Each structure stands twice: as structure tokens, then as C-alpha cells.
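Notes follow the structure.
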Amino acid sequence: MKSYRKELWFNSPTRRSFINITPEVNACLKESGIKEGFVLVNAMHITASVFINDDESGLHNDMEVWLERLAPEKPHNQYRHNTYEDNADAHLKRSVMGREVVVAITNGELDFGPWEQIFYGEFDGKRKKRVLVKIIGE
Amino acid sequence: MKSYRKELWFNSPTRRSFINITPEVNACLKESGIKEGFVLVNAMHITASVFINDDESGLHNDMEVWLERLAPEKPHNQYRHNTYEDNADAHLKRSVMGREVVVAITNGELDFGPWEQIFYGEFDGKRKKRVLVKIIGE
Amino acid sequence: MKSYRKELWFNSPTRRSFINITPEVNACLKESGIKEGFVLVNAMHITASVFINDDESGLHNDMEVWLERLAPEKPHNQYRHNTYEDNADAHLKRSVMGREVVVAITNGELDFGPWEQIFYGEFDGKRKKRVLVKIIGE
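Now the structure itself:
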């Protein structure tokens, strides 16, 4: 069994954003030389997500509006977590969108359907944060 | 390390449905001959889910009602994604229910608790769509 | 490839609770002797979750309030599942929070960011329930 590890770093200029990281994950896969196995891609921070969906800006806008409806940022004092912080909503949004994805590797490629793309979902940006790419296989 | 791959195909006659795919995943596991490892089961489309829950029709009805409340299908024009499409709600419902499950394999069996069953959750049906089953182990 | 399996048992005195199980998962990892690979930690019951978030009591209170807003327990008769049961809300809450996490193992350690902790989320307690820890790697 072979294994591979890399950290991807992000610094979103806005509090919230969705970043397509499929090219970076693909580059990791090529570098790993692994042909059959699983790749785990996870946010290393608890106010961010990694998820798979469509790379379509209208949908991303819908997701932003929808997540704000399910777990509004403001007023900050509606959350007990927000005594020294203001990011309780980011923890909740990340719970909806998920921490991680596991993707099959087949013949050295991400084994994807036609529209699957991997996104980093930032819900509390304006600082450096990381995603872990870990691959196991042969 | 051994690996195994199969696609399962579905064509739901309705826009939304929940289909128990545990027998199909079990058949894949037997065919693979893998005794210890992980099986990844994921929707290959971004308007569908794979999840684990109870095979109880009352609960499935509750889920349908609940997901419609969290992310209503109509009016279609409430979503920016719905300019050429009408399935933004399906992308959101899938975000709640998840893309994939990873299940342990022990002694050649799905290592499940008493009521765990694997479901394909279709949120934009009436066409052919796929689920990926990928197994790694020994 | 090596594999390791252990069940963790819980009996929450309250209907709902969040329990930090990171020490138990770490103990499994040490016992396994596995240095590189993946650990899968999943609820074996369909009214409970395993998830990764912050070990901060204010946030846990926010999560409890938020999940009750998204999927209220009462009135019990709002759910069709609740004919012989009263736990439909627990199935829905678990759908939001997720069944499982997959964590990378690097150099014999859980490969975590600064605040990541693994939680068992109980949504229908007052009875014995299990979590599965399965590790594969080398």
C-alpha cells in the first residue's frame, strides 16, 4: 500500500466563498502515482467544508442564500458560541455542507460522474486555512 | 491490496424517490472477494445522494416533507440556478443528505448495526443516473 | 494491508447529547499499530451521528437549539414514522450531522487541524448504542 499527503492552503478575501479545488486534487493524484485507491479531501478547520457539487455560479449564489437562511450569521448574539467569537454560523453551515469527501481512484484518475467537482467551502475566511489531501492505494 | 469497481444504474419514474440499494452493494462485495477493507458508495450525479438510514416508509415520507420544507422545489424562479434548469432544489437536498457513504468490511460482510440500510436518494429523476461502488482491501 | 476493528459503547442518560470520543479513537489507533491509512468512525445506529467540530459548550448549545429548529422533536404526531416510535426527529437530525467521519492517519497519529475533535452525537438516547472504529493501512 502506498500513501500520499499534501496540505492545500487558502486565504479567502471574503468571509464566505466557494473555491473549485479539483485541479489541485488532480495534481496531488498525479504526484502520488497511485492508480487504484481512495483520496480523502477534508477541511482541517471546523468552520469550512469540502464538498462535491456543480461549478455553476448561479447555484453557488443559491447555496449562499440558502445557508444564510438555515443558519444566519447575524445577529451574532443569537449564538452562545459568540462570546469571544462571531463565527457560530460558520460551524453550523459547515455541518450542513460536510467536512470531507472520499473519492475513488480508478486507472490513476478521479472516478467522477459528468459534473462532479470538488469545492472548498469557506464560511469564516480572511485568514489562512488548510485542506488535507490524503491518498491511499497502489 | 485488491480493488473492485462497479456502476449501478437507476431510472426513477418520479422526480424524487428513495431506493434501498443494500442488496446490490452486498452483491458487489461478494463478487469482489474482499474480506477486510472499505466500500465507498457514492452518487455520480450532483442532484442525488447515497445515505444510510431506516427502511421504513413512514420515515421516507417524513424525509420528503422535511427536505421540501428546507429546500422547496417551487417556485422554480426563486433560484438563480434555474435559468435553463429547474433542479436547484435537488442540488440543495443532496447537500443535506450527502453524496456518499463509506462502510467497513469485516469478514467479507458489510459491518452494519441492526437497522443500517444503504439508500439511493433521487432528487431529480426521470432519467438514467449512476451510483459508483468502489471497494479496496484484501 | 492491516485492519483493525473496535466497537465503542455509549448509554446517554439524556435523549440528546454530544460526547467527545477523540481519546477513545486515539486509543484504538495506538492499539492498531497502523501508521499510514484511514480510520472510519461511524454510528452503528440510524438515530445518532459521528461528526467533527469544536469542543466548546456554547457551540454545542447552539447546535442543540439549531437542530431543534430544523427538525423539532415535538409534536411527535407531526411525523408519520412516529406511530409506534417517537424518534423521527432523531433520524432527521442525524441526516444533517452525518453518520460517519473518515480521518487520515499519518505517522501513527490522527492527521488533524488545530481544533478538530470527533464527537458522538446522540439524538435518541437512554439506551445502549454503538460506534464502529475501523482502521485500514500499514
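Residue numbers (my numbering), protein chains in the order written: chain H, 3 to 140; chain W, 3 to 140; chain A, 3 to 140. Idealized CB from N, CA, C, for every residue including glycine. Quick caveat: nothing in here was measured; it's all calculated off a predicted structure.
Taking a Cβ-Cβ cut-off of 9 Å, the neighbours of Phe-40/W in chain H comprise Phe-40, Val-104, given in sequence order. Using a 10 angstroms sphere on the CB of Gly-35/H, the tally of other CB atoms stays under 16, which defines it as exposed.
Around the beta carbon of Gly-123/H, 16 or more other beta carbons lie within 10 angstroms, which makes this residue buried.
Under the Cβ criterion of 8 Å, Leu-112/A is not counted among the residues facing chain H. Using a CB distance cut-off of 8 Å, Gly-100/A counts as an interface residue toward chain W. For Ala-73/W, the neighbours in chain H by C-beta distance under 8 Å run, in chain order, Trp-68. With respect to the C-alpha of Tyr-86/H, the residue from Glu-58/A, Leu-94/A, Glu-70/A having the closest C-alpha is Glu-58/A.
Restricting attention to alpha helix (DSSP H) runs no shorter than 4 residues, the stretch 20-50 of chain A encloses them at 24-34, ordered along the chain. Residue-level contact check: Thr-85/A touches chain W, since one or more beta carbons of chain W fall below 8 Å from its beta carbon. Note: Gly-139/H is bridge-paired with Lys-4/H, Gly-39/H in the DSSP secondary-structure output. Annotated three-state conformation of Lys-76/H is coil, per DSSP. Of the candidates Trp-117/A, His-62/A, Ser-14/A, Trp-117/A places its Cα closest to the Cα of Arg-101/H. By the criterion of a C-beta distance shorter than 8 Å, Glu-33/A is surrounded in its chain by Tyr-6, Lys-8, once the five residues flanking it on both sides are discounted.
Taking C-beta atoms as the reference points, Glu-140/A and Lys-4/A count as a pair closer than 8 Å.
At a cut-off of 8 Å between beta-carbon atoms, Thr-108/W makes contact with chain A. Taking a Cβ-Cβ cut-off of 8 Å, the neighbours of Phe-53/W in chain A comprise Ser-97, Arg-101, given in sequence order. In the DSSP annotation of this structure, the continuous segment of the beta strand (DSSP E) that includes Phe-121/H starts and ends at 119-124. Going by C-alpha positions, Leu-72/A is about 8 Å away from Leu-72/W. Under the Cβ criterion of 8 Å, Ser-5/W is counted among the residues facing chain H. For the pair of segments examined, the stretch 42-50 of chain H was found not to touch the stretch 16-28 of chain W: the number of CB pairs separated by less than 8 Å stays below three. Ile-120/W is positioned such that its CB atom lies no closer than 8 Å to that of Phe-40/W. Under the DSSP assignment, Lys-95/A falls in the alpha helix (DSSP H) whose first and last residues are 90-99.
From the beta-carbon of Leu-61/W, the residues of chain A found nearer than 7 Å are His-83, Ala-90, His-93.
Scanning its chain for C-beta atoms nearer than 7 Å, with the 5 sequence neighbours on each side dropped, one finds around Asn-28/H the residues Leu-112, in chain order. Rounded to the nearest whole angstrom, the C-alpha separation of Gly-60/A and Ile-54/A is 16 Å. Of the candidates Asn-63/A, Leu-94/A, His-62/A, Leu-94/A places its Cα closest to the Cα of His-62/W. Closest by C-alpha distance to Val-67/H, out of Glu-75/W, Leu-69/W, Tyr-81/W, is Tyr-81/W. At a cut-off of 8 Å between beta carbons, Met-65/A makes no contact with chain W. Sequence-distant partners of Lys-128/H (beyond 5 residues in either direction) whose C-beta falls short of 6 Å from its own C-beta are missing from its chain. The beta carbon of Glu-75/H sits closer than 7 Å to those of Asp-91, all from its chain and outside the five residues before and after it, given in chain order.
Assignment of beta-bridge partners to Leu-112/W by DSSP yields Ile-107/W. The three-state secondary structure of Arg-132/W, taken from DSSP, is strand.
Among the CB atoms of chain H, none fall inside 8 Å of the CB of Asp-126/A. For Ile-23/W against Val-133/W, the beta-carbon gap comes to about 7 Å, under 8 Å, which counts as contact. Look at Glu-58/A: its C-beta is under 8 Å from a C-beta on chain H. Relative to Val-52/W, the option among Asn-89/W, Ile-21/W, Asp-126/W, Phe-114/W whose CA is nearest is Ile-21/W.
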